[in-house]
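Undergrad: Have a look at this one.
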Amino acid sequence: MKSLKAQNHYLSQTNYQLSELNKATVVSFCDKIFETGLNEIKPNSIDILQINLGKMCNQVCKHCHVDAGPDRKEIMTKEIMIKCLEVVSKNSFKTVDLTGGAPEMNPNFRWFVEELSKYKLNIIVRCNLTIIVANKKYNDLPLFFKKNGVEVVSSLPHFSSARTNSQRGNSVFEKSIKALKMLNDVGYGKEGSGLVLNLVYNPTGAILPSNQEMMEKQYKKELIQKFNIVFNHLFMITNMPISRFLDFLLKMGYLKEYMERLIESFNPLSVDSLMCRDMVSVSWDGYLFDCDFNQMLDMKVKSKSNHINSYNSNQLKSRKIQIDNHCYGCTSGSGSSCGGQIV
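See below:
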């Protein structure tokens, strides 16, 4: 659990970042949405329950919107996991999306996945790849994922060593390639196996993603030719101007320029397919959010049902989704979501 001092520091940092983000935004996202004819954004459904199992991670990535790392102590307890399972049993989710930090570092991770696998839904684990080779106790994760029918989604910022390591740390690319080979060895990413392996691309720097389909073809060509690695799909995700990436923008003096790019690229067609309209995100301590990004800004859902202990589907389906200027990150260009581009 976080100490009071840590909580106060986190809130102070979040308030500072939001203040700086607002200063750099010429047209507020609320005004931009109003221009499209919308006064508010409402849910379409709640098909996805995304659960953050904790902020502890074996990596410290430059673009991480969770600000995850080895020193983070926030970990979801088994009691909250049990409550999540109760909510899953009483609602018709299509997908449960497990994230972190490195979700595998939660001591109850395997038990939780095994319990979730008893239900008819798609289980996604957002694996950073290097965790598989970080310690012997994680080496069997590919087999564990296969046994429980898990869809694996993994970040690989680029198919080159230099660009990946510059964003995620020394030797991350080499370890990621080793982990991908281990996943391929048990069938992940291979045609006809039914074992889904998707990769995630984040731009390295203050730029917007290019075309997802073209980049996927290039990734597949490079990885098969150089490493004999296969995968299913590539998701391109815009770097959100929050947390660690926002710190980078402020430090380099790129924030105003980056926000101008996002605003100029705003695509009103993306609004109908925003991920917040089909999901609820659960934080490590059980609070509910419209998305993973709002979670990191402590923008809880606008509903009486704002904790997993008080989960009420009807109340959540009628809520008004919380928006702010960081939402430009999901609505620029072809749009962005946890499942890649949306337009």
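Residue numbers (the numbering used here): 1 to 343. Ideal Cβ positions, reconstructed from N, Cα and C, are used throughout, including at glycine.
#1: So which of V150, M236, F173 has the shortest CA-CA distance to F159?
#2: Taking only the alpha-carbon atoms, compute the straight-line gap between Y254 and E20 and give it to the nearest angstrom.
#3: To the nearest angstrom, report how far apart E264 and E114 are at their CA atoms.
#4: Candidates L208, G69, A68: which alpha carbon is nearest Q341's?
#5: Excluding sequence positions up to five away, which residues of its chain have a Cβ less than 7 angstroms from the Cβ of Q315?
#6: Cβ atoms of K90 and E74: under 7 angstroms apart, would you say?
#7: What residue range does the alpha helix (DSSP H) around N415 cover?
#8: Please state the DSSP three-state secondary structure of I229.
#9: Out of K32, V88, N52, which one is the CA nearest neighbour of S313?
#10: Would you mind working out which of N325, S334, S336, C338 sits nearest F29, comparing C-alpha positions?
#11: The beta strand (DSSP E) spanning L98 covers which residue range?
#12: Any idea what DSSP makes of Y287, helix, strand or coil?
#13: Compute the Euclidean distance between the alpha carbons of N122 and L197, then round it to the nearest angstrom.
#14: Determine the contact status of N267 and V343, defining contact as a CB-CB distance below 7 angstroms.
#15: Taking the Cβ atom as the reference point for each residue, do G100 and L143 lie within a distance shorter than 7 angstroms?
#16: Could you name the residues that DSSP lists as bridge partners for M279?
#17: To which residues of the same chain is M1 closer than 6 angstroms at the C-beta, ignoring the five residues directly before and after it?
#18: Can you tell me which of the three DSSP states R244 falls into?
#19: Let me know the secondary structure DSSP gives S176 once reduced to three states.
#20: Mind reading off the beta-carbon distance from T130 to A206? Whole number of angstroms is fine, and I expect it under 8 angstroms.
#21: Cα-Cα, which of T25, N135, D31, C327 is closest to C378?
#22: Just curious, the alpha helix (DSSP H) that N314 is in, first and last residue?
#23: Assign W111 to buried or exposed, taking buried as 16 or more other Cβ atoms, counted over all protein chains shown, within 10 Å of its Cβ.
#24: Do E259 and T25 have their CB atoms nearer than 7 angstroms?
#25: Take the Cβ of T36 as the centre, count every other Cβ of all protein chains shown within 10 Å, and call the residue buried at 16 or more, exposed below.
#26: Are the CB atoms of D47 and K118 within a distance shorter than 7 angstroms?
#27: Would the C-beta of C276 count as close to the ligand GTP, meaning under 6 angstroms from any of its heavy atoms?
#28: Nearest to K175 by CA position, among E191, V186, V153, N135, is which residue?
#29: Under 7 angstroms, do K146 and V96 count as touching if we go by C-beta distance?
#30: Can you look up H307 in the DSSP assignment and give me helix, strand or coil?
#31: May I have the straight-line CA-CA distance separating N15 from D278, to the nearest angstrom?
TA: In short:
#1: F173
#2: 12 angstroms
#3: 45 angstroms
#4: L208
#5: S303, K304, S305
#6: no
#7: Shown here, the chain extends from 1 to 343; a query on residue 415 therefore has no answer.
#8: coil
#9: V88
#10: N325
#11: 95 to 99
#12: strand
#13: 13 angstroms
#14: yes
#15: no
#16: I48
#17: The predicted position of M1 is uncertain, since its pLDDT is 46 and thus under 50; no value can be drawn from it.
#18: helix
#19: helix
#20: Going by Cβ atoms, the distance from T130 to A206 rounds to 25 angstroms, so no, they are not a contact pair.
#21: Look at the range of the chain in this structure, 1 to 343, and you will see that residue 378 is not part of it.
#22: 313 to 317
#23: exposed
#24: Here residue 259 is Met; the residue named in the question, Glu, does not match the sequence. Yes.
#25: exposed
#26: no
#27: In the structure on display, the ligand GTP does not appear, and there are no ligands present to speak of.
#28: N135
#29: no
#30: strand
#31: 27 angstroms
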